[in-house]
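Counting along the sequence shown from 1, when you hit position 95 you're at 94 in numbering that gives the first Met the number 0, and nothing is skipped either side. Glycine included, every Cβ here is placed at the ideal spot set by N, Cα and C. This one's a predicted model, so the numbers in the text were calculated from it and none came from an experiment.
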Amino acid sequence: MMSFTLYFNAKSVWKPLIRMCVPAHCYILFLSTGFCSFTESTLCDYVLIQEQKTWDEAQAYCRRTHIDLATVQSTEDLASLQEAVYKMAEMTWIGLYNDINSWRWSYQDEKITFQNWYIGEPNNFDGHEECAVMQENGTWNDCGCTQLFPFFCYRELLQ
């Protein structure tokens with residue numbers, strides 16, 4: 000187990016917010032826009048962007064400034080993101096979309112292998128829910144891609 004501290008940026012002064020213990024080899028999570036940051040390993044990181052955008056706008060932003068919208072491949076990834084969603088937002092865009100035939104990750108157009116849908120989801124309510132958000136409880140819900148939410152970007156780090 001390794002421990003790390005989540006920090007909150009108050010007027011350019013980083014202050015400890017919570018301390019957490021996690022298994023070694025976890026991922027890095029930076030919460031941007033001056034809110035907080037916690038780091039762990041050097042495999043990849045996630046950045047929470049508090050600005051609300053549509054899914055397409057969020058994807059374009061992530062591709063321009065990082066790699067892509069967040070990809071969730073494991074329960075460890077999910078736990079890291081869920082903690083941030085719970086503290087900072089009710090729902091956030093992740094990089095999951097429906098290409099009509101299957102749900103795929105925006106990054107490298109990968110089919111999903113790990114899933115954490117809320118009960119009864121995805122349901123494509125009214126035929127217009129083709130993008131996914133993570134809710135504060137960590138489950139996923141399909142939503143209309145033009146809704147506005149904060150979002151997670153993803154990037155790999157060099158070893």
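Residues near residue i by beta carbon distance below 8 Å, same chain, minus five either side
i, result
"Glu135", "Gln81, Val84, Tyr85, Ala88, Glu89, Met90"
"Glu120", "Thr138, Trp139, Asn140, Asp141"
"Ile93", "Leu68, Ala69, Thr70, Val71, Leu80, Ala131, Val132, Met133, Trp139, Phe150, Phe151"
Opening and closing residue of the alpha helix (DSSP H) in which residue i lies
i, result
"Asp125", "Element bounds for Asp125: n/a, residue is neither H nor E."
"Cys130", "Looking at the DSSP string, Cys130 is not in any alpha helix (DSSP H); the run it does join, the beta strand (DSSP E), is 130 to 134."
"Thr64", "54 to 64"
Selection from the options that minimises the alpha carbon distance to residue i
i, options, result
"Tyr117", "Asp125, Glu75, Cys142", "Cys142"
"Ile66", "Trp104, Asn100, Gln51, Glu50", "Trp104"
"Asp98", "Asn123, Val46, Leu147", "Asn123"
"Arg154", "Asn115, Thr74, Tyr60", "Tyr60"
"Thr64", "Val46, Ala78, Thr112, Gln107", "Val46"
Cutoff 7 Å; reference residue i; Cβ partners in own chain excluding five residues on either side
i, result
"His127", "Gly143"
"Lys110", "Ser101, Arg103"
"Leu147", "Gln51, Lys52, Thr53"
Beta-carbon proximity list for residue i, same chain, < 6 Å, skipping 5 on both sides
i, result
"Gln58", "Leu68, Ser105"
"Trp54", "Trp92, Cys130, Cys144"
Where the beta strand (DSSP E) containing residue i begins and where it ends
i, result
"Tyr153", "148 to 155"
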